[in-house]
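To keep things clear, I will list the structure first and then write my remarks on it.
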Amino acid sequence: MVSLRPRALLARVPNRGLFCAGAVITLLVIALVIVGMVWMPYEPTAMSADRLQGVSVAHPLGTDKMGRDILSRVMYGSRITLLVALGTMAIGAGLGILVGAVTGYYGGIVDEVVMRVTDGLFAFPSVLLALVFVSLFGSSTLNVMWALGIAFVPSFARVSRSEVIRCKHLDYVKNARLMGVRDVRVIFVHILPNMRGVLLSNLMIGFNNAVLSEAGLSFLGIGSQPPFASLGQMISEAQEVFFIVPSAVLGPGLVIVLMVLGFSLMGEGLRSEEGRMA
Amino acid sequence: MQDAPLSQDKPILAIRDLHLEFHDHGRPEVVVEDLSFELRRAEILGIVGESGSGKSMTALAIAGLLNRHALDCSGTILFDGVDLLHCGRATLRRYQGDEISMIFQEPMTSLDPLQRIGMQVEEALRIHRAELSAAERRKMAIRAMAAAGLPDPEQVYGMYPHELSGGMRQRVMIAAATVLKPQILIADEPTTALDVTTQAQIIALLRTINAEDQTAIVFISHDLSLVRQLCHRVIVMRKGVAVESGASDEVFRNPRHPYTKALVDAIPKVVLER
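As given, the protein sequences belong to chains F and Z, one line each in that order.
For the first sequence, the residue numbers in numbering that gives the first Met the number 0 are 0 to 277.
For the second sequence, the residue numbers in numbering that gives the first Met the number 0 are 0 to 273.
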């Protein structure tokens, strides 16, 4: 019997050290977000006269040029950034895997057409594509999610297409088709679950790219609009006061680094599984 | 249960002028050329030949697993009045797993590693007998597994493929393929990957299935001595062409085509002193 208990599952992760280190870091970031949902030292948008304060007991990360508490804003901003990254992944990975699975499974003319279109999308840097999208539909958190999500579709489509092509020639998939199993069931029951290794590590990498792209877009002033904070936007606003309040840049920067690092380590820990499982 | 007089001569599957040709590498590559044969009810037909002789492609054509995009196919494969080579996917699916089943060479890779054995044996039931309840499906699956010679089928039902040996997995495959008692079972080198003892057991099992359920078996192999033991009739293929066919005893005793002669001569013989 294959056990699904956490301990037994963990035993099958090839590089447990890396995976656990990543998981601890990720949990830390998630804890920060969850605490921020329940309690924050100040209202993240509340301004005060204490502008550009350094690190102190009252303001652990200081205040920005409008006197807003940076720790509170980091807590709030991490939530936005995490949310955008998750939404981006849901859209990008969801659509991408679906497109890749269908084109890879059926092949032929549909495959050619769809893959050439995604090749075309691939040719644009994802941030540029998102810029175009946002300038067309307006700047909001939701639009950034859609923009980045769609920009991420091609990379997921390619990975899942090649995996589906590999899997569809496996004997047990042929066997299932031979039993008269419908294509939808073949794809969702017999092929996709067996691609989990590759998909999982790609999700981790994709998540990192999403965090970084969101931060990049916010830095450029696109995305969630002031006074609401996202991490990239905080860095962008604080760059001119970097030498007065370094924590205004370093705080949000650190959270971005931790977010990306945590998922990278988890993905790396899972990835070696590919080589070992045959 | 004994059927009324066996209609031994009435073919259940008729293949006429089957011609398969790849055309995706610029120059066409003929895989099967003008192959015609019939499969009669409850007979075991052997198809032998070296690698690349087209025997497996013929099997895939009957099973409806050919990728028709990449192939030129002509001729007919007539089953139950339907041309399996040119009918739609939906029609094909109606027969697949119900009337026509197939077992593959590699038992180690033919089962989905993430699904329990029971699920995989029941796959055909879930599709072709959707009206059955879960309990009835389970009963039929366990009966098929017992018939395939799996010890303790109740327990194996809940296991995963990696917990079983190659021989056991091949029995699971056979159970899954015969759970609906198909009219035709295609066995594509089902014993090549198994050790000799297991091989003999699987052959015995195929013989039992043939005798008890009147299932016609298309047995594809390059192992001539095995084919001679098991098959009623045999077709010898080379480079996509059937060079010789006939009752298997007759073909092996008096091979007429030089290729068949060479094949028969290549069977290792044990000479015992009298």
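Just so you know, even glycine gets a beta-carbon here, dropped at the ideal spot from N, CA and C.
This one's a predicted model, so the numbers in the text were calculated from it and none came from an experiment.
- A residue is called buried once 16 or more other Cβ atoms fall within 10 Å of its Cβ, and Val270 (chain Z), having fewer, is exposed.
- Of all residues in the segment 67 to 83 of chain F, none places a beta-carbon less than 9 Å from a beta-carbon of chain Z.
- Taking a Cβ-Cβ threshold of 7 Å, the residues of chain F close to Glu105 (chain Z) are Asp170, in chain order.
- Ser77 (chain F) and Val32 (chain F) have their C-alpha atoms spaced approximately 6 Å apart.
- In terms of beta-carbon proximity, His221 (chain Z) stays away from the interface with chain F, with every pair separated by 8 Å or more.
- Counting along the chain, Cys19 (chain F) sits inside the alpha helix (DSSP H) bounded by residues 15 to 37.
- Counting along the chain, Phe78 (chain Z) sits inside the beta strand (DSSP E) bounded by residues 70 to 78.
- With respect to chain F, the C-beta atom of Glu122 (chain Z) has a partner C-beta closer than 8 Å.
- In summary, Ile43 (chain Z) is buried, with 16 or more beta-carbon neighbours lying within 10 Å of its beta-carbon over all protein chains present.
- Proximity of chain Z to Gly103 (chain F) at the Cβ level (cut-off 7 Å) is not reached, the minimal Cβ distance being about 13 Å.
- Residue burial is scored here from C-beta neighbours: Thr25 (chain F) has at least 16 other C-beta atoms within 10 angstroms and is therefore classed as buried.
- Contact annotation: Ala174 (chain Z) and Ile102 (chain Z) have beta-carbon atoms that are not nearer than 8 Å.
- At a cut-off of 8 Å between C-beta atoms, Ala7 (chain F) does not count as an interface residue with respect to chain Z.
- Across the structure, Met158 (chain Z) and Arg115 (chain Z) are spaced so that their CA atoms are roughly 5 Å apart.
- Non-local beta-carbon contacts of Ala156 (chain F) in its own chain, meaning distances under 6 Å to residues more than five positions away in sequence, involve Gly95, Val98, Gly99, Thr117 in chain order.
- Boundaries around Phe36 (chain Z) are those of the beta strand (DSSP E), 28 to 39, since no alpha helix (DSSP H) includes it.
- Phe218 (chain Z): member of the beta strand (DSSP E) spanning 215 to 220, first to last residue.
- A straight line joining the alpha-carbon of Arg255 (chain Z) with that of Tyr171 (chain F) spans about 39 Å.
- The way I'd put it, the segment 188 to 198 of chain F doesn't touch the segment 127 to 137 of chain F; fewer than three beta-carbon pairs between them come closer than 8 Å.
- The C-beta distance from Ile69 (chain F) to Ser229 (chain F) rounds to 14 Å, too long to fall under 8 Å, and the pair is not in contact.
- When CB distances to chain Z are screened at a threshold of 9 Å, the residues of the segment 176 to 198 of chain F falling below it are Arg176, Leu177, Met178, Gly179, Val180, Arg181, Asp182, Arg184, Val188, His189, Pro192, Asn193, Arg195, in chain order.
- Secondary structure of Met101 (chain Z) (DSSP, three-state): strand.
- Between the segment 203 to 219 of chain F and the segment 80 to 93 of chain F, the count of C-beta pairs closer than 8 Å reaches three or more; the two stretches touch.
- Contact between the segment 230 to 240 of chain F and the segment 251 to 259 of chain F is established, with three or more Cβ pairs separated by less than 8 Å.
- In this structure, Leu70 (chain Z) sits away from Leu17 (chain Z), with a CB-CB distance that is not shorter than 8 Å.
- At a cut-off of 8 Å between beta-carbon atoms, Gly106 (chain F) makes contact with chain Z.
- Close partners of Met101 (chain Z) in chain F (Cβ separation under 8 Å): Asn174, Leu177.
- Closest by C-alpha distance to Val158 (chain F), out of F:Ser125, F:Pro124, F:Gly93, F:Gly222, is F:Gly93.
- Against chain F, a Cβ distance below 8 Å from Ile126 (chain Z) picks out Met178, Gly179, Val180, Arg181.
- Around the CB of Ser55 (chain F), fewer than 16 other CB atoms lie within 10 Å, so the residue is classed as exposed.
- Take the alpha-carbon of Gln228 (chain Z) and the one of Tyr94 (chain Z): they are about 29 Å apart.
- When the alpha-carbon of Thr57 (chain Z) is set against those of Z:Ala261, Z:Leu225, Z:Ile202, Z:Ala186, the nearest one is in Z:Ala186.
- Around the CB of Gly51 (chain Z), fewer than 16 other CB atoms lie within 10 Å, so the residue is classed as exposed.
- Under the 8 Å criterion on CB atoms, Gln154 (chain Z) is classed as non-interfacial with respect to chain F.
- DSSP places His127 (chain Z) inside the alpha helix (DSSP H), whose first and last residues are 116 to 127.
- The segment 12 to 28 of chain F and the segment 39 to 47 of chain F do not touch, with fewer than 3 CB-CB distances between them shorter than 8 Å.
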